[in-house]
Amino acid sequence: ISLHDVLDIHGPIKQVGNIWSILSQICDALEHAHSKGVIHRDLKSGNVILSKKTSERMEVKILDFGIAQIDDINALKITSPGRSVGSPLYMSPEQCQGDELTKASDIYALGVLSYELVTGAVPYNYNTVYEIMKSHCDPDIKPTSLVKKLPDVPHIDHLERIIFKALETESAMRFDSVVEFKTVLQDWYARVRESQKSSL
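Next comes the structure, spelled out in structure tokens:
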């Protein structure tokens, strides 16, 4: 079942262990692609598949590399400059503007997907594609705070800082790599686990 369908049926993921498990595996898959020089360019909840076999942990897979590109200036590009490709709800500012894409574009989409995972909704969802793209590209437009939306999630302020950094308009202000995103997310998870233990 896709993550999109899970969220549609069951609502946002609020169990800390499930948040960590799903996002960490997405990070592993993206990092594998990036290490091979592949940029996905269409990461979204509909392309993330969750499966579980008996009592084993949930397995997460990323599908649909149909519009992926090889991160090589000498490789054939699927699109020409000035043309945007992808799903508008998840597209990075540079993708909306038809600029050259890098791994940072996938990190932005990972931020959108992470926001959707914990809230059940993407950060920017308007009636027109123009309004959606404008929101991605305008640094003065920010998603609704997770602290306001999810006050009961442990250390939500820490998680918000992580997700909002991935959602920075300027690509240079995002995480340098998916590995860095996963590392700080793991730190959040460890803090939550520690606080839960101390409260027992």
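The sequence shown begins at 83 in our numbering and counts up by one.
We treat Cβ as the ideally placed atom computed from N, Cα and C, and that holds for glycine.
If you're wondering where the values come from, they're calculated on a predicted model, not measured in any experiment.
Non-local beta-carbon contacts of Ile223 in its own chain, meaning distances under 6 Å to residues more than five positions away in sequence, involve Ser217 in chain order. Put simply, the backbone Cα of Asn207 is about 8 Å away from that of Glu213. When C-alpha distances from Cys219 are compared across Leu228, Asn209, Leu232 and Tyr172, the shortest belongs to Tyr172.
Between Asp110 and Ser169 the beta-carbon gap is near 22 Å, outside 8 Å, which marks them as no contact. Counting along the chain, Ile245 sits inside the alpha helix (DSSP H) bounded by residues Ile238 to Ala248. Beta bridge pairing from DSSP links Lys143 with Ile131. Shown here, Val204 sits in coil according to DSSP, grouped into three states, outside any helix or strand.
With a threshold of 16 other beta carbon atoms within 10 Å, Lys126 meets it and is buried. Here Pro221 has Thr251 as same chain residues with Cβ atoms under 6 Å from its own Cβ, once five neighbours each way along the sequence are excluded. If you draw a 10 Å sphere on the C-beta of Glu198, you find 16 or more other C-beta atoms in it, and that means buried.
Here the alpha carbon of Leu112 sits roughly 19 Å from the alpha carbon of Arg139. A straight line joining the alpha-carbon of Leu267 with that of Val142 spans about 17 Å.
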